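Numbering (the numbering used here), first residue to last: 3 to 280.
Glycine residues also receive a C-beta, built at the ideal position from the N, C-alpha and C atoms.
Quick caveat, the model's predicted, so the values are computed rather than measured.
Scroll down for the structure; my scribbles are underneath it.
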Amino acid sequence: MARSCSARLHGEAAAFTAALRSLVNNPQFSDVTFVVGREQQQVFAHRCVLACRCQAFRGMLTSNEDPLSSVPPQGPFILGNVQPEVFLAVIEFLYTNSVTLNSHTVLEVLTSSVEYGLQDLCKLCVEFIKDTLSVEQVCEALQAAVTYGQADLQQHCLAFIESYTMAVVRTRGFHELSDTVLARVLRSDHLAADELDLVQAVREWAHVSSVSTARGAPSQTPPSVCSNHPPLMAHRLSWSARYPRWPLCPCRSCACPCWHPASWQRWRAKTSATCSSQ
C-alpha cells in the first residue's frame with residue numbers, strides 16, 4: 003500500500019501580491035468604508051482582510067454589543083486625525099505585506115503602525131528612516147524614537163546629531179524637541195559644537211518653547227546637577243535656557259564644580275562684553 007505524502011507548495015508570490023494590491027482602495031466588492039482626514043476622503047476596504055491582518059481593525063469591525071454577532075457595525079468609520087496618504091500606506095501593508103514610504107509621511111506611518119500594533123510595519127518605517135535620515139528630519143525622528151521606545155533608531159539619530167550638531171541645532175525640529183529628549187542630546191560626549199554654541203542653541207530652543215507654551219519661571223531653584231564635562235550638564239543647561247532669569251551656574255562662582263574654570267571664564271567674558279555694549 004502506497005504511503006500518503008503531503009507538502010505545502012508555493013506559487014509565484016509577486017503575482018499574488020499584485021492581485022491583492024489591485025484591491026487596495028477599490029470600491030468593487032468592498033464592504034467597509036472609512037472617511038479619512040480633514041479632506042474626508044473615502045477609503046474602501048474589505049473587512050475580512052483587515053480583520054485577519056490586524057487585531058485593532060478586528061475590534062473596530064466587531065459589534066460592541068455582541069462580539070459573536072453576524073451583524074457588523076455599520077460604517078462609514080470616521081478617522082479624522084490621520085492623513086489619507088498615511089492611512090492608505092497602512093492599508094497597502096495589510097493587503098500586500100509591503101509599503102510605499104516617503105520622507106514626508108514616514109513618521110506618521112510609524113505612529114499609525116504603533117497605534118494599530120503592526121510591528122512589521124513599524125520595523126519597515128524604522129529602516130526607511132535610518133536609510134534616509136537628514137539634518138532637517140533627525141530631531142523629529144529622535145522624538146518619535148523616544149516616544150515609541152525604538153532604541154535602535156534613538157542611537158542612530160544621536161550618532162547623526164553628533165556628526166552634524168551645528169546644522170541640526172538650527173532646524174525647526176531641534177527647537178520643537180521636548181525637554182526630555184533635549185537632555186538626552188546634551189548628555190552626549192561627542193557633539194560637534196563648542197560649548198558656548200550649545201548654550202546659545204539651547205537658549206534659542208527655550209525661547210521658541212516658551213513662546214509656544216507660555217511657560218513661566220519656576221517657583222523653586224533647579225536641582226543641583228554637577229559634571230566635569232562643560233558642554234553638557236544636560237539638566238542644568240536646559241533649565242537655564244528655559245528660564246533665563248536664573249543664573250547659568252547657581253553659585254555664580256568659577257570654582258563651582260559644575261563648570262570647568264576655563265569654560266566659565268569664557269562664558270563670563272562673553273556675557274560681560276555683551277552687557278557693557280548695551
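Residue range of the alpha helix (DSSP H) that residue i falls in?
i	result
L160	153 to 165
C141	140 to 149
Q57	57 to 62
L184	181 to 188
E305	This structure leaves residue 305 out entirely; the chain is present only between 3 and 280.
So what's residue i in DSSP terms, helix, strand or just coil?
i	result
Q30	coil
T35	strand
A47	strand
A120	It is Leu, not Ala, that sits at residue 120 in the sequence shown. L120: coil per DSSP, three-state reduction.
L81	strand
T134	coil
T173	coil
E197	helix
Roughly how far, in whole angstroms, is the beta-carbon of residue i from the beta-carbon of residue j, given that I think they are within contact range, below 8 Å?
i	j	result
R55	L112	That belief does not hold up - the Cβ atoms of R55 and L112 are roughly 18 Å apart, past 8 Å.
S180	E164	The Cβ separation is near 19 Å, so there is no contact.
L103	C127	7 Å
I93	V34	Not a contact, Cβ separation roughly 11 Å.
V101	G39	Not confirmed; about 18 Å, so no contact.
F89	F36	7 Å
Where residue i and residue j are concerned, what is the direct C-alpha to C-alpha distance, given to the nearest angstrom?
i	j	result
V140	T98	29 Å
W241	G175	Any reading at W241 needs caution, since the residue's pLDDT is 44, under 50, leaving its predicted position unreliable; the model's value is listed next. Their Cα atoms are separated by approximately 19 Å.
C7	A17	27 Å
G77	Y118	19 Å
A146	A195	24 Å
A15	H209	54 Å
T2	L81	Lying outside 3 to 280, the shown extent of the chain, residue 2 is not represented and no answer is given.
P29	H48	9 Å
E142	A185	15 Å
L200	E138	18 Å
V108	H192	28 Å
V213	A203	16 Å
S114	K132	18 Å
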